[in-house]
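Here it is as structure tokens:
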């Protein structure tokens, strides 16, 4: 019985270590993105630069996917929670302040949504082997 408990604890310790190492790697990539963002005078946000750093490190196999997989899975599983502050912030904005800007907001959201849809479709077709007949 004692041997079974040790096996369980070793598995939990490995999982905990993988989780903590994933946090450390992602945070370090974010801070590297902050430094790069300062170099380009904030033209690209630190979060986006950090994701680009992480992507390059993963693609170059400097960082193994298994090192960040545990924490990335946790973030994806709880992604909905990250939208709560944004939603609450929008709900607290008085509608009077948005009233005069509403047409511009609706137009920009509509145009950007169609652009994203179009670009996604073009990329999907380019990445696919065939054309429209495959769908």
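In our numbering, the protein residues as written are 14 to 148.
All C-beta atoms in this analysis are idealised placements derived from N, C-alpha and C, irrespective of residue type, glycine included.
### Message
I need the boundaries of the alpha helix (DSSP H) containing residue 12, first residue and last residue.
### Response
This structure cannot settle anything about residue 12, because the visible part of the chain is limited to 14 through 148.
### Task
Using beta-carbon positions only, say whether residue 84 and residue 31 come within less than 9 Å of one another.
yes
#### Entry: 9 Å Cβ cutoff met for residue 78 and residue 63
no
### Message
Could you compute how far the alpha carbon of residue 6 sits from the alpha carbon of residue 23?
### Response
The displayed coordinates of the chain run from 14 to 148. Any statement about residue 6 would go beyond what the structure contains.
### Query
Taking the Cβ atom as the reference point for each residue, do residue 120 and residue 111 lie within a distance shorter than 9 Å?
no
### Message
Assuming residue 79 is part of the alpha helix (DSSP H), what are its boundary residues?
### Response
78 to 90
### Task
Compare the beta carbon distance of residue 67 and residue 81 with 9 Å and say whether it is the shorter of the two.
yes
### Query
What residue range is occupied by the uninterrupted alpha helix (DSSP H) comprising residue 59?
59 to 72
#### Entry: Length of the line joining the Cα atoms of residue 6 and residue 36
The chain is shown only over 14 to 148; residue 6 falls outside these bounds and no answer can be derived.
### Query
In three-state terms, what does DSSP make of residue 108?
helix
### Query
Can you check whether the CB of residue 49 is closer than 9 Å to the CB of residue 38?
no
### Query
Which of helix, strand or coil does DSSP assign to residue 39?
helix
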